[in-house]
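The block underneath contains the structure these notes are about, expressed in C-alpha cells.
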Amino acid sequence: MLCRLIWPAMSDETYSDDHYHTLAAHVRYEISRAEKALASFRASDNEERKMTTVLAHVRSSAHKPMYEGIDDIRLQISGGGNMDEQALEIMRLAASLVSMTYLRTAETRIPSEMRVALWRLDVSLSETLTTCFSTPHNTQLESLPIPPELTVSTLVANHGYNVNWTNCLKQHLDIDRESRVISVFPHKIWLSAHTRSSDQCVMPAAIIGEALDTLDLLFPHGNAPTESFLEKQGQRFHKLALCIRGRKSNLSDYPHWGKKIEDLMGILHEPPVGFQQFLPRWDRPNLLESANFWIAVFVAGLAVISFVFGLIAVIYAKESLDISKKSLRLTDLQYQLSLAQACSDPESAPLLPDWCRQEQ
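For the sequence shown, full-length UniProt numbering gives the first residue as 1, with consecutive numbering after it.
Given below as C-alpha cells:
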C-alpha cells in the first residue's frame, strides 16, 4: 500500500484501505509535483519507488546539514540540467512529505501571505522542524480547564466558522478570523502511527503526541454533533478507535498548541451567529435580545394565523354566495315549472288568467 510504502511506521496499522484514502491522495499529489525532478533520478523506474528511496535518505540524514544530504542525492541524478537545483527540489519535497509540514528553501517562491518554514543549507531537518514548532520562552499557559463544549462542530454551528482540512501540521489550529476559517490537520492515522514509532519520525515526538491529543479534544469520540459534522465533511478519523488517547481537558496539557486552543476558547465567548444567536443563554447577556426576538416571532405568528383564518373566511363567504345564487336560480326554475303545470291544467288555468296569459 502506498502510505505504508512512504511511511514504514504505518506498516503495523490494521485499518482498512479506505481510511488511508485522503492521505494517499496527498502523497500522489506531492509525488506529481516532484515528477520533473524525479525523472532524472536513477534509483528506480517507478516514481513512487524513487520517492520512497529519497524519503528513506531524508530520514536517515535528518540530523545532518541539508547540503550533506543534497550531495548524496546528486550522485543518483543522471547528467543533464541543473543537478544541484534538481537535488534541492527533491530533498525539499521529500522532507515536506516525510514531516507532513510545508518547507521552503531560499530559492522557493511562495505567496507573501503564506508562512512556510525555511530550511537552510547549513541546518539539519531535525533542527529546522524543532525551531518551526518551538514556542516563545515567555509563553506561560495558565492551568485552566477547557470547557467541554469546545468542539469544532460547536464553533461551526454556533459561531459561523468553516474548517480547512490542511495537510500541513504547522498550520494545525490556525485561525483566520477575517474569513472565519479554522485549519485542522485531519491525518489522525499518521499521527497515531508515528506516536508509537517515534524513532521512524523526523518530527519531535512531543509535537506528534500533542497534535493527536488536540484531535481527541476538539472531536470527542461518541459526541453525536461531532460525528454528524465529520460525516458531512467526509472525514473518517473519528472511527479510528485504536487512535484514541483520552481527552485532556486542561490548557496546561498543551504546551505547543495551548495558545491556539486558548484562542478557540475565546471564540466561545463571542456572540453566536445565525439562528443560535436568538436562543436564550443564561451565561450570556442576550436575554433581552432573545426575548424581543421571540415576542416578535410570536406576534408575527399570530398575524400569519389571523391572515390564514381571514383568507379561509373569505373563501367560505365566496362559496356561500355562489351557493345562494344557485339556490335562487333553482327556486326560480321551480316556480316556472309549477306555473307551467298549473296553466296546463284545464281546471286550474281559468283561475290564473293573468299568469297563464303570460305563459301563452
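C-beta atoms are modelled at their ideal positions from N, C-alpha and C, and glycine is treated no differently.
Going by Cα to Cα distance, which pick from S61, E149, Q171, L339 is closest to F219?
In the sequence shown, counting from the first residue as 1, residue 219 sits at position 219. If we check each option's Cα against that of F219, E149 comes out closest.
V273 burial status per 10 Å Cβ neighbour count (16 or more: buried):
If you number the sequence shown from 1, residue 273 lands on position 273. It counts as exposed.
Span of the beta strand (DSSP E) around S183
Within the sequence shown, the letter at position 183 stands for residue 183. Run containing S183: 181-184, per the beta strand (DSSP E) assignment.
M203 and S99 - do their beta-carbons sit closer together than 8 Å?
The count along the sequence shown starts at 1 and reaches residue 99 at position 99. The count along the sequence shown starts at 1 and reaches residue 203 at position 203. At the C-beta level, S99 and M203 come within 8 Å of one another.
On the three-state DSSP scale, how would you describe D174?
Stepping through the sequence shown from its first residue, residue 174 is reached at position 174. Three-state DSSP puts D174 in coil, outside helix and strand.
Please state if the CB of W257 and the CB of residue 369 are separated by a distance shorter than 8 Å.
Since the first residue shown for the chain is 1 and the last is 360, residue 369 is missing from the structure and cannot be characterised.
Just list the residues that DSSP pairs V297 with in beta bridges.
Position 297 of the sequence shown, counted from the start, is the residue given in the question as residue 297. None; V297 has no bridge partner.
To the nearest angstrom, how far is it from the Cα of E30 to the Cα of A211?
Residue 30 sits at position 30 when you count from the first residue of the sequence shown. Residue 211 sits at position 211 when you count from the first residue of the sequence shown. One Cα belongs to E30, the other to A211, and the distance between them is close to 22 Å.
As assigned by DSSP and simplified to three states, the class of L103:
As a position in the sequence shown, residue 103 is number 103, starting the count at 1. For L103, the secondary structure class from DSSP, reduced to helix, strand or coil, is strand.
Am I right that I189 and Y20 are in contact with their C-beta atoms under 8 Å? What's the rounded C-beta distance?
Here residue 189 refers to the residue found at position 189 of the sequence shown. Here residue 20 refers to the residue found at position 20 of the sequence shown. So it is a contact: roughly 7 Å between Cβ atoms.
Classify S192 as buried or exposed, calling it buried when 16 or more other Cβ atoms lie within 10 Å of its own Cβ.
Taking the sequence shown and counting its residues from 1, one reaches residue 192 at position 192. Using a 10 angstroms sphere on the CB of S192, the tally of other CB atoms reaches 16 or more, which defines it as buried.
Can you tell me where the beta strand (DSSP E) holding W165 begins and where it ends?
The count along the sequence shown starts at 1 and reaches residue 165 at position 165. Where W165 is concerned, the enclosing beta strand (DSSP E) starts and stops at 162-165.
Looking at the structure shown, is I77 part of a helix, part of a strand, or coil, going by DSSP?
Working through the sequence shown from its first residue, we reach residue 77 at position 77. Reduced to three states, the DSSP call for I77 is strand.
Anyone know if the C-beta pair for S124 and A62 falls short of 8 Å?
Sequence index remark: in the sequence shown, residue 124 carries index 124 (1-based). Sequence index remark: in the sequence shown, residue 62 carries index 62 (1-based). Yes, these two residues count as a Cβ contact at 8 Å.
So what's P147 in DSSP terms, helix, strand or just coil?
Position 147 of the sequence shown, counted from the start, is the residue given in the question as residue 147. Per DSSP, reduced to three states, the secondary structure at P147 is coil, with no helix or strand assignment.
In chain order, what residues of the same chain lie with their CB nearer than 6 Å to the CB of L163, ignoring the 5 residues before and after it?
For the purposes of this step, residue 163 is taken as residue 163 along the sequence shown, with counting starting at 1. The amino acid at residue 163 is misidentified as Leu; the sequence shows Val. If you ignore the 5 residues before and after V163, its C-beta comes within less than 6 Å of the C-beta of I182, V184, all in its own chain and listed in chain order.
Contacts around C201, its chain only, beta-carbon distance under 7 Å, and the 5 residues preceding and following it disregarded:
As a position in the sequence shown, residue 201 is number 201, starting the count at 1. Excluding residues up to 5 positions away in sequence, A9, H194, I208 lie with their Cβ nearer than 7 Å to the Cβ of C201 in the same chain.
Does the Cβ-Cβ distance between R247 and L217 come in under 8 Å?
Taking the first residue of the sequence shown as position 1, residue 247 is located at position 247. Taking the first residue of the sequence shown as position 1, residue 217 is located at position 217. Result yes, Cβ atoms of R247 and L217 sit closer than 8 Å.
Reduced DSSP secondary structure (H/G/I, E/B, other) of L121:
Stepping through the sequence shown from its first residue, residue 121 is reached at position 121. Residue state for L121 is assigned as coil, using DSSP reduced to three classes.
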